[in-house]
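Some notes on the structure that comes next.
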Amino acid sequence: MRSPRTPNQALRILLAEAGWSGARLAREVNALGAAQGTPYHYDRTTVAHWLTGSRPRPPVPQLVAQALSRRLDRRVRAEDTGLLAPGRPSPDGESTGEGG
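Numbering follows this note's numbering, in which position 32 of the sequence shown is assigned residue number 92; successive positions increment by one, without gaps.
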């Protein structure tokens, strides 16, 4: 049995800090994916699901972090977005721990 989803406050805070809507984040992730040869077709509804606790498969959390890093002009890691499951290894091989 699945446990209930936990709202993703980390992503909500980052979006507010960036001044972005869910639609804007989706467009940025789509553009980054296309530039890397993997077209995505995310929209505001997808981001709304992420905000309610859904987690996309890699490399999407990394693309979200990259988009937010560019916007905020500072490093945002995939684990900072709350989109990686706790304990899941990050791309640099470190565990994300419990906090996500």
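The beta-carbon is built from N, C-alpha and C at its ideal position, and this holds for glycine as well.
For clarity, every value in this text was computed on a predicted model and none was experimentally measured.
**C-alpha distance - Leu-92 paired with Leu-123, whole-angstrom precision** = Working through the sequence shown from its first residue, we reach residue 92 at position 32. Working through the sequence shown from its first residue, we reach residue 123 at position 63. Each residue's alpha carbon lies about 7 Å from the other.
**Request:** Can you give me the Cβ contacts of Ala-95 inside the same chain, cut-off strictly under 7 Å, excluding the 5 residues immediately before and after it?
**Result:** On the sequence shown, position 35 is the one that residue 95 refers to. Taken in chain order, the list of residues that qualify is empty.
**Prompt:** Quick one: is Glu-77 buried, meaning 16 or more other Cβ sit within 10 Å of its Cβ, or exposed?
**Reply:** Indexing the sequence shown from 1 puts residue 77 at position 17. Exposed, since its Cβ has fewer than 16 Cβ neighbours within 10 Å.
**Message:** Looking at the secondary structure, which residues open and close the alpha helix (DSSP H) in which Pro-85 lies?
**Reply:** As a working note, residue 85 is residue 25 in the sequence shown. Just to set this straight, residue 85 is Leu in the shown sequence, not Pro. From DSSP, the alpha helix (DSSP H) with Leu-85 extends over 82-95.
**Item:** Cβ-Cβ separation, Arg-104 to Ala-86 (assumed contact under 8 Å), whole Å
**Value:** In the sequence shown, the residue the question calls residue 86 occupies position 26. In the sequence shown, the residue the question calls residue 104 occupies position 44. That pair is a contact at about 6 Å.
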